[in-house]
Structure formats: C-alpha cells, structure tokens
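**Student:** The structure under discussion is supplied below as structure tokens; questions concerning it will follow.
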C-alpha cells in the first residue's frame, strides 16, 4: 500500500509539473496583455507536434528537438501577438474570440499535416528510478526537472533582470509602465514568446508519453483555466501552487474513484474557491 | 437601448421578402439541407436567448448546458414518464429555468471574467453528471430513441412531423413566438432594468434595483428559452448525449453571437445565419472539408479585426445611410444616431 501511495505521488508530481508550465504561461500572457488565450492548449499541441516532426520523423536528438520546439512555439506566440492581440488590445473579448479563430487554424494545420490519428513517438529511454515498488521513469523525471529549471529561470528573469521588472510593471499597470518609457509592444512580444514557449516545452517534453493528437489541447486548456482561477488570475506563484494542488487532488481521486469523478471534484474545487475567495488563493484584489 | 423605429414602405417590403424566403426555402433545398434548416432555426433561438442573458453584462459559458438541461428533461419526461411530447417540451424548458435559478446563487456572487469561468465550471459539472450517472441520463451514450413529435390528425388535416419540412414549420412557429416574447421583454421595464444593470450596476442599486434578482431573472428567462430550443432539438434528433453540449459547441454560440453583434436583437441571429450559410453552403460547396475549420477560424479573425461591432454594424450603417438620404441632405454620423453604444 505505501508503494501504491508513492506511485500516485510520483504520477501527481509529473502531472503537476507540465500543468504548471502551461498555467504559468497562460497567467503571464493574461497578466501582461489582459487577454485570455484560448489557443494556449493548441500551443501545447504544437510543441508536441514539433517533437513528432523533429525527433520522430527527422531523427534529431530529443533535447535538440525540444529546444527547436521551444523556439517554434515561441515564434507562434509572437505571430499571435503581432496579428491578433496588438490590433485588439483595447478589446479583451475580441482577443479571446480571435484566439479561438487561431486555435481552429492550428488544429486544422495539425490535421492536414499529420493526420487525425494519434502519433506514435518512440520512447527516449526505457529506464526509471525504483523506490520500493514504485517506479518513476526517466522520461517523467525529466519533465519534472525541466519544469523546475525553467520556472526557476523565469523567476530569476522576472525578479532580477531589468526586462523582468518592465514585464512586471506592465502586468501591474500598463499605462503607468508606458509613461515610464517601457515599450508596451516589446514587452507584450516577450511575454507572448515566453508564455507560448512554456506551453510548447510542456507539449514537447510530454509528447513521448501521451501520443499527440490534433485535439489534445482541449482537455489541457480546461485544466489550465481551473488552475489559474484557483491560484488567482494574475499570480504566477499561485499558478504553480494551484497546479500542484489540482494535480494531487485529481490524481488521487482518479486512482481511488474514476476520471469523471476527479473532473467533477476539480471543478467543484474551483467553484468553491470562486464563491469563497473570488480573487483566488494567491490573487490580489482586482484592479478597477 | 431600444431605438425608436418606424417601419417605412421599404422596410415592409423587406420583411415580406424575408418572410417569403423563410417560408418557401425548405422546398428549394436538398433533404440534408432541410435538416440543417431545422437546426439553424433552433440555433437562432439559442443565440437570441443568449443575447437576453448578456444584456445584464454577464457572459455565461453554461448556456448550451442549459439547452442540454431542456433536452435531457424533455427526453426523460417523454420517454421514462410517458408524458405527451409537447408537455414534455414545456417541462424541459421549465427544468432548464429551475436549474438556472438554483445555479444563480453561487454564480452571481461573481462578475465579469470570474462569472464566465464560474458558469463554465457549473455547466461542466452538470454535463459530467450526465456523463457519469448512467441510470437516468444514459452515461456517455446519452438517451436514445426519444419519441418524436406526435402526428396531428384533425379531420382531413394530417401533419407528419417526421418529415423535416413539417418539423421545420413547427420549430419556426415556436422560435418566432419565442423571439417575439424575448423582444417584448427587452422593450419592457424589465429589459430596461437589464440595460441599467449592465452599464451602471452600482447606480441602479442605489435607486433600489435588486441587481442580483434581475441578473437571476435574465439568466432564468434565457435558460428557459435555451431549454425550449434543447427540447425541440432532442425530439428532432431523437438522441441526446453529453458531448452535444460541451464547451466546443458553446464556443460556436459565442462566435455566432459576437460576430453578429449584441447591441440589437437581430445581431446574433444575423451572426448564426450568415456563418451557418458560409460554413455549410460555400465552404462545403468548394469541397474543402478538411480545411473548413481553418477557414472558419480565419473568417472569425477577420470579422473581429475589421468588424469589431459585428455584422449588425453594417445593417445599422446601411439603415442610417438610407434614413439620412431620405430625411435630410446632411448626412448624420452613424455614431450620433447610435448613441447606445459605449
């Protein structure tokens, strides 16, 4: 029984890791641009397909393919910023709708380019760490490690670099930041690149484990929304904590009951947070 | 805000032509397009009722689930309890209204983006319950073999609703009556209060308007009509399942409404009709089945970039241009006449 529990903890840690990457990217985009990026799940999907293309089809080393996926999805983010979110900056609902349009385009590109069926990505490594009777495969361990490294780097970047300060200033008050001489366009571009690239890495790292399909982004975006609400819409730290909380609750309920009940429990968790503390666990009161 | 309109001669001719097209259209299309026309008429009711809900300024993502509540309710009353189908339909619509009333209590503690996501969560929970509990709701496969609308036999008159043309006329009748009721509600004191809450909720509360109760009322009325649309849908298709009401489908309702525009009652209807015709006739016609979603997405992006106030803004401009030319030489700027927009 302890092995079984430990195995569930391993599974939950893995789920928490890649969900944290996705949710942090979503929060960053929302914070800086004020737009809910519905296409975020499809950026995750694009990252997974980058692995299918570079690693499974063209035989590049796995981590080179992940790096290429990061750059590719980051550039998709910049494309979205330039063509959609910049012209619609004064119209947040418009940005949301435009991102739905972009989502449909990305899904279609995946269907036309790769077909509807699930892609088979060869395993990167077979081994794993065995603790008692529980196994943590190297692939899952790599997802956890990469997440920790990237989130730590992001945290340092936002806290220590001058550009990180500018980014956080924009998230707090766009006009005041502009008055200080911070370029909103440039900041938005960087935020969009980072946010998209994080989703892309999550997709790339999990691609060998999930068998990518064109519609894989859908369930991910729903979970990401739950996480950012529970964590507080503008809070990066909140997103990480909520990702861990959600992943553990969801994985344990799935293990002991079933997946649908786990989804219901996750949604009830979010509804409870919304009713009791609408600004989320880590959120600050909404600005006027 | 309601605008003062007097229907001129040109308007009357336009309405007559439109009515003629709506009535004779099913005779000029293929069988599968007739089925589509039934669905389109149902979707018109879905978006029109959705607009009533958005009048108070809150955008719900649970609207299709409310439609589902009507569909499931009606199907269960007719199939498991043996209620006559018309009675079951009304029962389904009332069920949707009651569900909305109950959900109002947690949901209207939130506003704006939080309400959007909260309504999504509430709707999704309901949908997952249908999916999980096989006993009354049939699980992922849903409810099948729902009885159809009964035939009408009055003397020599025999109407068989299995024929899509006849069912289309039935749906059309229900939808037109519903649209008229929705229109009257918006023009009434209640509708004006909805607008007041949307633009100035604190101010309207300060003069004694109970904003919560009016938001709840808008949600319940909108859900009632969405449920009615769901009932019409269930007995047409004779099967309902949870996936028909998922967030993907809801996204389309949102798209139709926003591409159409929401400041006038006809905006969302314009959106759903135009986009359905583009999607089903033109895109299907050029045989680009696989890339249809991408073209749909592109249209959506172009619409939101170049027509941010929706297709209805074209109609408003055209109307203003016509009026400006007939009444006076000086052309009135569209914004001046269209003072209701913020």
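Protein chains in written order, with this note's numbering: chain A, 1 to 288; chain B, 289 to 630.
We put the CB at the ideal spot given by N, CA and C, even for glycine.
Go to residue 441 (chain B), then tell me how far its beta strand (DSSP E) extends in each direction, as first and last residue.
**Tutor:** First-last of the beta strand (DSSP E) with residue 441 (chain B): 440 to 442.
**Student:** Taking a contact to mean a Cβ-Cβ separation below 7 Å, would you say residue 65 (chain A) touches residue 121 (chain A) in this structure?
**Tutor:** No; because the gap between Cβ atoms is not below 7 Å, this pair is not in contact.
**Student:** Distance check for residue 534 (chain B) and residue 412 (chain B), CA to CA, integer angstroms please.
**Tutor:** Cα to Cα, residue 412 (chain B) sits roughly 8 Å from residue 534 (chain B).
**Student:** Anything in chain B within Cβ reach of residue 100 (chain A), meaning under 7 Å, just list it in chain order.
**Tutor:** Within 7 Å Cβ-Cβ: 539, 543 and 588.
**Student:** Taking DSSP as the reference, what is the three-state secondary structure of residue 447 (chain B)?
**Tutor:** Of the three classes helix, strand and coil, the one that applies to residue 447 (chain B) here is strand, per DSSP.
**Student:** What span of residues does the beta strand (DSSP E) with residue 134 (chain A) cover, start to end?
**Tutor:** Start and end: 134 to 137.
**Student:** Count Cβ pairs between the stretch 265 to 276 of chain A and the stretch 20 to 28 of chain A that sit closer than 8 Å; are there 3 or more?
**Tutor:** They do not touch, by the three-pair rule.
**Student:** If we cut at 7 Å on Cβ distances, does residue 225 (chain A) have a partner in chain B?
**Tutor:** It does; some Cβ of chain B falls within 7 Å.
**Student:** State yes or no: is the beta carbon of residue 354 (chain B) nearer than 7 Å to at least one beta carbon in chain A?
**Tutor:** No, no contact with chain A.
**Student:** Tell me, please, whether the stretch 233 to 252 of chain A touches the stretch 99 to 112 of chain A by the rule of three or more beta-carbon pairs shorter than 8 Å.
**Tutor:** Short answer: they don't touch.
**Student:** On the CB-based measure, 16 or more other CB atoms within 10 Å of its CB, does residue 440 (chain B) come out buried or exposed?
**Tutor:** Flag for residue 440 (chain B) reads exposed.
**Student:** Pick from B:565, B:410, B:472 and B:363: whose alpha carbon is nearest that of residue 509 (chain B)?
**Tutor:** Comparing Cα positions, the closest option is B:472.
**Student:** If we count the other Cβ atoms within 10 Å of its Cβ and call it buried at 16 or more, is residue 400 (chain B) buried or exposed?
**Tutor:** Burial call: exposed.
**Student:** Of all Cβ atoms in chain B, is any one closer than 7 Å to the Cβ of residue 287 (chain A)?
**Tutor:** Because residue 287 (chain A) carries a pLDDT of 41, less than 50, the predicted location of this residue cannot be relied on, and no value is offered for it.
**Student:** Measure the C-alpha to C-alpha separation of residue 370 (chain B) and residue 376 (chain B) and round it to an integer number of angstroms.
**Tutor:** Cα-Cα distance, rounded: 9 Å.
**Student:** Is the beta carbon of residue 92 (chain A) sitting closer than 7 Å to the one on residue 34 (chain A)?
**Tutor:** Yes; because the gap between Cβ atoms is below 7 Å, this pair is in contact.
**Student:** Determine contact between the stretch 67 to 82 of chain A and the stretch 562 to 579 of chain B, defined as no fewer than three beta-carbon pairs at a distance below 8 Å.
**Tutor:** Touching, no, given that fewer than three Cβ pairs across the two stretches are closer than 8 Å.
**Student:** Give a yes or no on whether the minimum CB-CB distance between residue 592 (chain B) and chain A is below 7 Å.
**Tutor:** Closer than 7 Å: yes.
**Student:** Mind reading off the beta-carbon distance from residue 3 (chain A) to residue 132 (chain A)? Whole number of angstroms is fine, and I expect it under 8 Å.
**Tutor:** The Cβ separation is near 5 Å, so the contact holds.
**Student:** Taking buried to mean at least 16 other C-beta atoms within 10 Å of its own C-beta, is residue 446 (chain B) buried or exposed?
**Tutor:** Exposed is the call here.
**Student:** Straight-line CA distance for residue 641 (chain B) to residue 331 (chain B)?
**Tutor:** Missing from the structure shown is residue 641 (chain B); chain B here goes from 289 to 630 and no further.
**Student:** Could you spell out where the alpha helix (DSSP H) holding residue 130 (chain A) opens and where it closes?
**Tutor:** Where residue 130 (chain A) is concerned, there is no enclosing alpha helix (DSSP H), although the beta strand (DSSP E) it sits in stretches over 128 to 131.
**Student:** Could you check the C-alpha separation between residue 76 (chain A) and residue 611 (chain B) for me, to the nearest Å?
**Tutor:** Taking the straight line from one Cα to the other gives about 46 Å.
**Student:** Hey, how far is the Cα of residue 162 (chain A) from the Cα of residue 85 (chain A)?
**Tutor:** So the alpha carbons of these two residues sit roughly 24 Å apart.
**Student:** Count the other CB atoms within 10 Å of the CB of residue 301 (chain B); is the residue buried (16 or more) or exposed (fewer)?
**Tutor:** Burial call: exposed.
**Student:** Would you please state the rounded distance, in angstroms, between the beta carbons of residue 215 (chain A) and residue 119 (chain A)? I believe it to be under 8 Å.
**Tutor:** In fact, because the Cβ distance is near 12 Å, the residues do not count as touching under 8 Å.
**Student:** Apart from the five residues just before and just after residue 49 (chain A), which ones in its own chain have a Cβ nearer than 7 Å to its Cβ?
**Tutor:** The residues are 110, 114 and 212.
**Student:** Using a Cβ-Cβ cutoff of 8 Å, what residues of the stretch 90 to 117 of chain A are near chain B? List them in chain order.
**Tutor:** Of all residues in the stretch 90 to 117 of chain A, 91, 93, 94, 97, 98, 100, 101, 102, 103, 104, 105, 107, 108, 109, 111 and 112 have a Cβ within less than 8 Å of some Cβ in chain B.
**Student:** Taking the alpha carbon of residue 46 (chain A) as the reference point, which residue from A:281, A:240, A:201 and A:259 has its own alpha carbon closest?
**Tutor:** Measuring from the Cα of residue 46 (chain A), the nearest candidate turns out to be A:201.
**Student:** Could you work out which residue in B:498, B:349 and B:308 is closest to residue 540 (chain B) when comparing CA atoms only?
**Tutor:** Minimum Cα distance to residue 540 (chain B) is reached at B:349.
**Student:** Does residue 630 (chain B) get closer than 7 Å to chain A when you measure Cβ to Cβ?
**Tutor:** The pLDDT assigned to residue 630 (chain B) is 42, lower than 50, so where the model puts this residue is not dependable; a value taken from the coordinates is nonetheless given after this. Not one chain A Cβ lies under 7 Å of residue 630 (chain B).
**Student:** Report yes if the CB atom of residue 41 (chain A) is closer than 7 Å to the CB atom of residue 221 (chain A), and no otherwise.
**Tutor:** In this structure, residue 221 (chain A) lies closer than 7 Å to residue 41 (chain A) by Cβ.
**Student:** On the DSSP bridge list, what partners appear for residue 431 (chain B)?
**Tutor:** B:528, per the DSSP bridge assignment.
**Student:** Quick one: does residue 331 (chain A) have its CB under 7 Å from some CB of chain B?
**Tutor:** Only positions 1 to 288 of chain A appear in this structure, which leaves residue 331 (chain A) out of reach.
**Student:** For residue 362 (chain B), which of B:606, B:525, B:444 and B:503 has the nearest alpha-carbon?
**Tutor:** Considering only alpha carbons, the answer is B:525.
**Student:** Alpha carbon to alpha carbon, what distance is there between residue 282 (chain A) and residue 402 (chain B)?
**Tutor:** Between residue 402 (chain B) and residue 282 (chain A), the C-alpha separation is close to 15 Å.
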